[in-house]
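According to our numbering, the residues represented by the sequence shown are 3 to 231, in order.
Glycine included, C-beta positions come from ideal geometry on N, C-alpha and C.
Bear in mind that the values here come from a model prediction, so they are computed numbers and not experimental data.
Please read the structure below before turning to the comments.
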Amino acid sequence: MDQLAVAQAHLESHILNVAQAVEDQLDLEAKKLDDMDEDDLERIREKRIAFMKKQAEQKAEWRRKGHGQYQELGSEKEFFEAAKASEHMVCHFYRSSTARCAIVDKHLAAIAAEHLECRFVKINAEKCPFLVERLLIVVLPTIALVHKGHTQDYIVGFDDLGGQDDFPTPVLEWRIACQGIIKVEYDVHDGPPCGRELNPKSGRKMTQTRPGIWQNHGNDDSDDDSDGD
3 MDQLAVAQAH
13 LESHILNVAQ
23 AVEDQLDLEA
33 KKLDDMDEDD
43 LERIREKRIA
53 FMKKQAEQKA
63 EWRRKGHGQY
73 QELGSEKEFF
83 EAAKASEHMV
93 CHFYRSSTAR
103 CAIVDKHLAA
113 IAAEHLECRF
123 VKINAEKCPF
133 LVERLLIVVL
143 PTIALVHKGH
153 TQDYIVGFDD
163 LGGQDDFPTP
173 VLEWRIACQG
183 IIKVEYDVHD
193 GPPCGRELNP
203 KSGRKMTQTR
213 PGIWQNHGND
223 DSDDDSDGD
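Have a look at this one:
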């Protein structure tokens with residue numbers, strides 16, 4: 003038997019084993035359902051209702067705090083209040099005369115509508131000199147990623163987004179998700195959903211992952227020199 007035939011046989015055997023394992027698991031789940039009485043089903047129903055109620059209450063609380071929208075903050079005081087009120091916050095430091103800031107606005111407005119778990123705001127860098135100096139913001143646009151009142155990371159300019167103005171929204175969404183600020187349904191270590199696609203204008207890859215981009219999620223409470231206290 004040649005190597006190709008051996009490989010084919012191994013593959014078929016593996017597929018059969020996986021199929022049998024899935025079937026066994028389904029049989030087990032079916033037996034569990036058959037063994038349940040009305041009280042068991044009622045308890046499951048009550049837990050499900052309680053979970054859905056808790057989710058609805060959390061979403062309502064987020065909306066009361068301004069989540070689900072992309073809003074402008076009018077002062078440094080509002081920045082600190084917002085950073086303390088929400089567990090996760092994304093803040094765009096902008097200047098009206100900077101064209102790339104308008105590009106960021108468009109993408110963040112779209113992301114905010116999809117990620118209720120995070121507060122999305124912007125603030126005019128020229129009107130908050132103390133905050134800009136404290137956070138060492140030099141390049142605009144700069145996006146601050148804030149967790150529990152502490153600034154975890156910054157997206158400075160478009161370098162982390164492919165270095166081009168025409169990056170797609172999922173690239174910025176992915177970059178924010180790398181720090182655990184928002185939740186996505188894919189592994190961020192694999193890159194953005196469109197990360198392997200080439201930019202149609204230049205033929206270059208849309209993003210390059212730089213060292214240190216990943217958040218250590220086991221250290222959520224670590225402090226940062228640029229916090230909101």
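Item to check | Where R50 falls, given that 16 or more other Cβ within 10 Å makes a residue buried | outcome: When all chains shown are included, R50 counts as exposed.
Checklist entry - Nearest to H149 by alpha carbon, out of Q181, S99, D189? => result Q181
Item to check | Beta-carbon contacts of V123 that lie in its chain and below 8 Å, excluding the five residues immediately before and after | outcome: G68, Y72, Q73, E74, L75, F81, A84, M91, V92, C93, H94
Item to check | Cβ neighbours of V20 in the same chain (closer than 6 Å, five flanking residues each side left out) | outcome: none
Item to check | Length of the line joining the Cα atoms of L43 and L110 | outcome: 43 Å
Checklist entry - Identify the residues that DSSP records as bridge partners of V92: which are they? => result F122, L147
Checklist entry - Leaving out the 5 sequence neighbours to the left and right, which residues in its chain are closer than 6 Å to C130 when beta-carbon positions are compared? => result E78
Next on the checklist: Please list the terminal residues of the continuous beta strand (DSSP E) segment that includes L75.
Outcome noted: 72 to 75
Checklist entry - Between E128 and R97, is the Cβ-Cβ spacing less than 7 Å? => result Against a cut-off of 7 Å, the Cβ pair of R97 and E128 comes out as a contact.
Item to check | Buried or exposed by the 16-neighbour rule on C-beta atoms within 10 Å, applied to S99 | outcome: exposed
Checklist entry - Relative to the C-alpha of K146, which residue among H12, I125, L118 is closest? => result In the sequence on display, residue 146 carries Ala and not Lys. When only C-alpha atoms are compared, the closest one is I125.
Item to check | V141 vs G159 beta-carbon contact at 7 Å | outcome: yes
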